[in-house]
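Heads up: the sequence shown runs through residues 1 to 275, numbered per the UniProt record's numbering.
Note that the Cβ used here is the ideal one computed from N, Cα and C, for glycine as well.
The structure appears right after this line, and notes come after that.
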Amino acid sequence: MVETQSYACEEHTVTTQDGYILSMQRIPSGRSGETSGNKPPVLLQHGLLMDAITWLLLPPELSLAFLLADNGYDVWLANTRGTKYSRGHVSLSPDDSVYWDWTWDELVAYDLPATVQYVHDQTGQKLHYVGHSLGTLIALASFSEDQLMNYLRSAALLSPIAYVGQVTSPLARNAAENFLAEGLYWLGLDEFDPKGKAVIKLLKAICAKPGVDCTNLLTSFTVIRTGTITMYDYDDEGENMKHYGQANPPAYNMTSIPNDFPSSWVTEERMLFLT
């Protein structure tokens, strides 16, 4: 898709510490093909239900990835685990349920550090970070844990999210309050494919009967229901003790992010959690 717009494109892969093989695309130059000079690297991280294509859908004069390349940046596109271009693993298949046994905590702990480290090592420079929606959440969580700061020059956060208890989107609110994600999980659906037959059938039923309720409990949407930002809650004190050494999942402390770190943000979006 990059090359069809007359830009050079390189394919890269990086393996996380827990074995997921992530695909990355690099746009080393603009349409002019000029590659000389020490171009500053920039990493673009997509949001939920997306992949790196999100940065390339508009014409070059409107797509951020192409605009950055044309303005002298070394552009890197990340694809988180489970997306179309990052479905590899050293030993697991996407057909295995255990392949999908992760939350965005793993994106914070493994995917983001692996991609940032890789770009830093390949370029020998600190990089600029641009995240959208979920891409901002994992960055903020990482920053709160004092990770990656030494590898970054700046962060630009598009539709940033952290505390989403006051999300205004009716769809996001209803999905959380009716435990939609939990219902899909307990029905045995490991991968949420918005175009999949099971999801389409379920969404049609929800639209036909807006009051449908799912009583199965999993805590994927507790960040909306409770307004907190914590690590995954196993809904069992014993399991939480096993993973965290405490009965309740630890919180990401946003107040610990250095206030002098160069950052900017854009917030005009209602469906913050679902985009």
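Item, Value
"Taking buried to mean at least 16 other C-beta atoms within 10 Å of its own C-beta, is Thr136 buried or exposed?", "buried"
"Expressed to the nearest angstrom, what Euclidean distance is found between the alpha-carbon atoms of Met1 and Met241?", "46 Å"
"Distance check for Tyr20 and Glu61, CA to CA, integer angstroms please.", "34 Å"
"Is the Cβ-Cβ distance between Leu43 and Val119 less than 9 Å?", "yes"
"By alpha-carbon positions, which one of Ala114, Asp235, Gly47 and Thr4 ends up nearest to Gln147?", "Ala114"
"Where Ser161 and Met50 are concerned, what is the direct C-alpha to C-alpha distance, given to the nearest angstrom?", "The residue asked about is misnamed: residue 161 is Ile in this sequence, not Ser. So the two alpha carbons sit approximately 16 Å from each other."
"Around the Cβ of Thr4, are there at least 16 other Cβ atoms within 10 angstroms (buried) or fewer (exposed)?", "exposed"
"In whole angstroms, what separates the C-alpha of Val108 from that of Gly37?", "32 Å"
"From Glu106, Lys126 and Ser264, pick the residue whose C-alpha is nearest to that of Ser142; which is it?", "Glu106"
"Going by C-alpha distance, which of Leu68, Tyr73, Glu34 and Ala69 is nearest Gln125?", "Tyr73"
"Got a sec? Which residues, its chain only, sit under 6 Å from Thr103 by beta carbon, not counting five neighbours each side?", "Tyr232"
"Just the Cα atoms here: how many angstroms apart are Ser144 and Asn150?", "13 Å"
"I'd like to check one pair, Arg26 with Glu10: are the Cβ atoms closer than 9 Å?", "yes"
"Hey, would you say Thr16 sits closer than 9 Å to Asp111, going by beta carbons?", "yes"
"Relative to the C-alpha of Leu140, which candidate in Lys39, Asp18, Val14 and Pro258 has its C-alpha closest?", "Pro258"
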